[in-house]
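Only one structure is covered here, and it is reproduced in the block below.
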Amino acid sequence: MKTKPVIAAGLLGLTLLGLLAPPLMAQTPYPQTRVTLVTHSSPGGGTDVFLRDLTKHLGPLMKTGFSIENIRGGSGASAIAHVAAAPPNGSMLYGTTPTYIQTTLLSKPQVGYEGLDPIVIVFIDPEVLYTRTESPFKSLADVITHAKANPGKSRWGASNPASLERLAMERLARATGVRAAIVSHEGGADQMIGVLNGTYDIGIGEVQELRAQLDAGKIRLLATLSDTRLAGLPTLATAKEQGFNVVVKKFRGLAGPKGMPDEIAKAWEDAIRKALALPEYKAQYTKESLIPMPMGRAEARRFTTEFAKEVTVSLKEMGVIK
Amino acid sequence: MDHLLQTISNLASFWLILAAFAGVLWGILGGALPGISPSIAMALLLPFTVGMDPTSAIVLLASVYVGAEYGGSIPAILIRTPGTNSAAATVVDGYAMAQQGRAGEALGISLMSGLWGGLAGLLVLILATESLAKVALAFTPAAYFSLGILGLSVIAGLSGGSLLKGLMAALLGLMIACVGTDPMSGVPRFTFGSADLLGGVKPILIMVGLFAVTEMLVQIGEPAWVKVVKSEARLKLPNWAMSKRLFKPQAIGAVIGTIEGVTPGAGGTIAAFMAYSEAKRWSKHPEEFGKGSPEGIAAPESANNVVTATALVPLLSLGIPGSNSAAILLGGFLIHGLQPGPMLFVKAPEVIYGLYGGLFIANIAMLLIGMVILSPCIWLVNRPKPYLIAVILALVMSGVYAIHESLFELFLVIGVGVLGYFMRLLSVPVLPMVLGVVLGYMVESNYRRSLLISDGDPMIFLTDKVSLTLLILALALTAYSLWKEIRAAREKQLG
Chain A
1 MKTKPVIAAG LLGLTLLGLL APPLMAQTPY PQTRVTLVTH SSPGGGTDVF
51 LRDLTKHLGP LMKTGFSIEN IRGGSGASAI AHVAAAPPNG SMLYGTTPTY
101 IQTTLLSKPQ VGYEGLDPIV IVFIDPEVLY TRTESPFKSL ADVITHAKAN
151 PGKSRWGASN PASLERLAME RLARATGVRA AIVSHEGGAD QMIGVLNGTY
201 DIGIGEVQEL RAQLDAGKIR LLATLSDTRL AGLPTLATAK EQGFNVVVKK
251 FRGLAGPKGM PDEIAKAWED AIRKALALPE YKAQYTKESL IPMPMGRAEA
301 RRFTTEFAKE VTVSLKEMGV IK
Chain B
323 MDHLLQTISN LASFWLILAA FAGVLWGILG GALPGISPSI AMALLLPFTV
373 GMDPTSAIVL LASVYVGAEY GGSIPAILIR TPGTNSAAAT VVDGYAMAQQ
423 GRAGEALGIS LMSGLWGGLA GLLVLILATE SLAKVALAFT PAAYFSLGIL
473 GLSVIAGLSG GSLLKGLMAA LLGLMIACVG TDPMSGVPRF TFGSADLLGG
523 VKPILIMVGL FAVTEMLVQI GEPAWVKVVK SEARLKLPNW AMSKRLFKPQ
573 AIGAVIGTIE GVTPGAGGTI AAFMAYSEAK RWSKHPEEFG KGSPEGIAAP
623 ESANNVVTAT ALVPLLSLGI PGSNSAAILL GGFLIHGLQP GPMLFVKAPE
673 VIYGLYGGLF IANIAMLLIG MVILSPCIWL VNRPKPYLIA VILALVMSGV
723 YAIHESLFEL FLVIGVGVLG YFMRLLSVPV LPMVLGVVLG YMVESNYRRS
773 LLISDGDPMI FLTDKVSLTL LILALALTAY SLWKEIRAAR EKQLG
């Protein structure tokens with residue numbers, strides 16, 4: 001029974017917050033008693049798990065019930081279209097990741113990411129570079145030096161084609177001016193095998209998916225592609241520190257139909273900030289190496305536009321889109 | 323041996339037994355419904371495992387997988403609709419037997435083959451996980467490409483007469499596999515601007531269209547079925563003579579299922595197809611295949627149930643999920659704070675041995691549940707044809723709709739069904755086409771990956787040892803088929 005302590009801790013956190021909060025902050029209740037969060041990921045998939053964990057903590061804070069709806073198909077296009085058509089009253093939101101921007105850019109569906117209004121950003125899921133323990137590479141510089149000395153002999157793994165991970169590898173190659181074969185896969189598992197058996201010099205992934213090999217000492221982390229070092233892995237240097245200016249921000253957040261009133265957007269921002277401060281939630285997301293990056297609507301809009309611009313440039317450089 | 327003893331001592335737990343039975347029952351139901359794949363059936367249960375103890379939770383999920391892989395064969399035999407991808411190879415001889423009024427016998431064979439397959443796989447899992455993990459790690463993109471080629475080399479065995487028509491069908495399948503997102507660059511291709519095609523055409527849609535919808539179209543144009551004699555409408559487990567005959571195809575299924583199971587990404591579908599083709603090649607009665615051969619059911623059904631256990635090898639030993647189902651199981655581990663991988667055997671051995679025990683119970687549960695539910699299933703499909711066709715079409719359509727809630731896929735399935743109808747009229751075999759759809763992506767993406775790695779040098783397929791071995795095997799099997807064909811033709815001339 002793992003849920004009980006979670007609920008207990010949640011309640012405790014809530015009581016504490018109630019004691020600490022000044023009476024002025026007594027907020028109006030959220031206008032909806034039931035909120036549906038839509039994701040294109042299947043049950044158990046990345047965004048699905050993110051939403052389920054988040055709502056566990058948001059429920060008591062926002063005093064509203066949550067349900068998660070998995071609308072698959074069209075690489076996310078169906079889910080986006082579904083949410084865009086919902087009334088803008090805060091009853092339905094979409095769980096965002098870079099995928100929703102990439103699907104829009106690649107396939108130009110009728111309703112793209114611009115059809116939704118970013119409400120909040122919650123986390124950045126940092127990407128790290130890794131190699132196998134037996135490999136001679138001890139740092140990112142070793143990898144780049146090797147690549148420069150042996151043009152055309154370097155092989156770098158990447159997860160899905162045109163994914164953010166792939167773009168990160170392309171940016172690294174471009175930034176350092178090396179010629180490396182960057183090989184896409186179907187997800188991180190295939191790539192991991194390639195790194196473990198020495199087919200690839202390096203691979204890229206999220207800390208959570210590397211955990212098993214990391215604990216077993218089969219892989220070595222070389223760099224994190226985040227702005228700052230990770231709380232859970234304080235010894236791992238960022239690529240920037242090592243002199244390679246490559247940062248990718250795999251964000252997780254929420255977006256809604258256009259025309260949502262300001263007080264609803266504000267209610268979400270407040271609730272997200274409070275949830276991220278809950279010790280129970282904090283312990284969990286720190287363990288998963290997620291970086292809290294709460295942003296309200298104005299900031300989230302700016303961030304999303306900027307992000308889309310960067311991805312567009314990268315995809316054009318790769319020749320994937322015109 | 324210690325492992326085995328520990329496993330046996332774990333069998334006593336009541337909750338474990340309950341989890342195994344519940345999982346298998348749910349799995350059989352899910353597997354029997356076209357559209358609900360093993361991984362979806364597992365995913366639907368995932369949220370309910372949160373409050374359970376880790377061992378029972380994992381056993382529940384793994385049992386769903388066992389049940390679903392078996393359940394897929396029930397509609398494959400009874401209504402020519404594979405409930406799961408890996409039951410596609412069972413359709414041919416299973417449905418042929420059902421039409422001869424031997425449905426009960428066919429279901430009995432698939433049940434027993436599933437049982438032996440599941441137990442053989444479990445034995446491999448318990449005894450050889452560590453050494454097999456090395457096999458999984460030895461697979462490079464070049465080796466995967468050659469594995470795909472080996473899979474394609476069985477086309478001849480699936481063509482049923484005309485090799486040319488078989489190749490045509492396979493080519494069509496390979497072309498369909500090209501639709502979707504380009505595996506290397508991510509550029510959408512052959513999608514005609516439709517977001518529905520971005521993810522490619524799922525093999526299950528092709529199978530449901532080619533088998534179920536086509537069959538319904540054919541049935542509509544034919545007279546009512548002969549009444550099934552009552553004694554044959556019962557489940558009939560194979561007798562001793564039959565069991566002896568089935569031993570060879572089951573053994574072939576077990577070997578192929580083991581190899582395909584431990585290589586991440588290969589999986590039960592390819593295993594079932596290869597087992598079918600190899601069983602035919604080594605059979606004393608190859609001429610019966612396609613016309614209701616018991617061996618044609620035994621081989622694929624034991625192969626895909628072996629995979630339910632051996633697919634756990636890369637997950638447990640490396641923490642790498644080799645299939646969608648394994649990925650859901652990984653989710654089940656993670657929910658309970660367990661990280662599958664090399665350390666799991668040290669950190670939580672009780673869960674692993676509990677899982678072994680649970681899988682054993684799950685296979686027994688499969689046998690018992692199968693014996694109870696199969697006779698009513700046979701009764702169900704012996705209803706008057708007009709009702710049955712209406713109900714089956716409704717069932718199939720709602721199953722397809724349930725996958726992605728997509729109307730587009732519904733129309734796609736109907737379109738493929740019509741295509742299948744004309745293929746049937748022209749006696750073009752459909753199995754090679756299914757094989758093409760299943761293997762196309764794997765062959766293409768790994769071919770391109772390999773050439774990226776080798777900087778364009780095709781020698782990589784020969785310098786990689788695993789790849790070379792597989793290619794030689796493919797060549798040998800093709801040459802053997804050819805030689806057999808020529809000899810048969812010559813004997814005909816002489817005789």
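Protein chains in written order, with my numbering: chain A, 1 to 322; chain B, 323 to 817.
Note that beta-carbon positions come from the ideal geometry of N, C-alpha and C, so glycine has one too.
List the endpoints of the continuous beta strand (DSSP E) containing residue i.
i               : result
G426 of chain B : Taken as a continuous stretch (DSSP letters only), G426 of chain B belongs to no beta strand (DSSP E), being part of the alpha helix (DSSP H) at A425 to L459.
F123 of chain A : L116 to D125
F251 of chain A : K250 to P257
S292 of chain A : Looking at the sequence itself, residue 292 of chain A is Pro, so the reference to Ser does not match. Element bounds for P292 of chain A: I291 to M295.
What does a CB cutoff of less than 7 Å around residue i pick up in its chain, not counting 5 residues either side in sequence?
i               : result
T406 of chain B : G353, S359, P360, A390, E391 and G394
V673 of chain B : P376, T377, I380 and L660
D518 of chain B : S728 and F730
L125 of chain A : Residue 125 of chain A is actually Asp in this sequence, not Leu. Excluding positions up to five away in sequence, the list reads E206, K250, R252 and L290.
D786 of chain B : T462, A464 and A465
L520 of chain B : G502, T503, P510 and T513
Q242 of chain A : S139, L140, A141 and A223
By Cβ distance below 6 Å, which residues in the same chain neighbour residue i in space, the five residues on each side in sequence not counted?
i               : result
S135 of chain A : none
A621 of chain B : P571, I574, G575, A597, Y598 and A601
L24 of chain A  : Note that L24 of chain A scores 41 on pLDDT, short of 50, meaning its location in the model is unreliable and no value can be drawn from it.
A173 of chain A : A180
S605 of chain B : E617
L20 of chain A  : Interpretation of L20 of chain A is limited by its pLDDT of 45, a score under 50 that renders its predicted location unreliable; the figure taken from the coordinates is listed afterwards. There are no such residues.
Confirm, please, whether the CB-CB distance from residue j to residue i is below 9 Å.
i               : j               : result
P161 of chain A : G439 of chain B : no
G443 of chain B : N561 of chain B : no
L459 of chain B : N150 of chain A : no
A534 of chain B : R746 of chain B : no
V501 of chain B : F512 of chain B : yes
E537 of chain B : Y417 of chain B : yes
T103 of chain A : I71 of chain A  : no
L640 of chain B : G663 of chain B : yes
S481 of chain B : L753 of chain B : yes
T133 of chain A : I219 of chain A : yes
V111 of chain A : A77 of chain A  : yes
A594 of chain B : A410 of chain B : yes
K327 of chain A : G296 of chain A : Outside the shown range of chain A, which is 1 to 322, sits residue 327 of chain A, and nothing can be said about it.
S335 of chain B : A687 of chain B : no
For residue i, which residues in the same chain have their Cβ closer than 8 Å to its Cβ, ignoring the five residues on either side in sequence?
i               : result
A26 of chain A  : Note on A26 of chain A: pLDDT 43, under 50, position unreliable in the model; no value is reported.
V246 of chain A : A168, R171, L172, A175, L225, A239 and K240
V83 of chain A  : V38, M92, L93, Y94, L116, A255, G256 and P257
P294 of chain A : V120, I121, V122, E269, I272, R273 and L276
I321 of chain A : L105, L106, T312 and L315
Please name the residue or residues paired with residue i in a DSSP beta bridge.
i               : result
I182 of chain A : A:W156
R34 of chain A  : A:G65
A223 of chain A : A:L129
I202 of chain A : A:W156
P323 of chain A : Here chain A comprises residues numbered 1 to 322, so residue 323 of chain A is not present and cannot be evaluated.
R511 of chain B : B:G502
T238 of chain A : A:T224
Could you check where the alpha helix (DSSP H) with residue i kicks off and where it finishes?
i               : result
E209 of chain A : V207 to D215
E812 of chain B : Note that residue 812 of chain B corresponds to Arg in the displayed sequence, not to Glu. Its alpha helix (DSSP H) spans residues K787 to L816.
M688 of chain B : P671 to V703
G522 of chain B : No alpha helix (DSSP H) contains G522 of chain B, which DSSP labels as neither H nor E.
Y417 of chain B : A410 to Q421
S468 of chain B : P463 to L474
P636 of chain B : L634 to L640
F343 of chain B : F336 to A354
Q329 of chain A : The structure shown does not extend to residue 329 of chain A, since chain A is modelled only from 1 to 322, so the question has no answer here.
I396 of chain B : S395 to I401
Under 9 Å (Cβ pairs) to chain D, residues found in the stretch 291–318 of chain A: You won't find chain D in this structure, because its protein chains are A and B.
Every unbroken alpha helix (DSSP H) inside the stretch 53–95 of chain A [4 residues or more]: 77–84
Segments assigned alpha helix (DSSP H), at least 4 residues, entirely inside the stretch 710–776 of chain B: 729–747 and 753–775
In chain order, each alpha helix (DSSP H) run of at least 4 residues that lies wholly inside the stretch 571–653 of chain B: 590–603, 617–632 and 634–640
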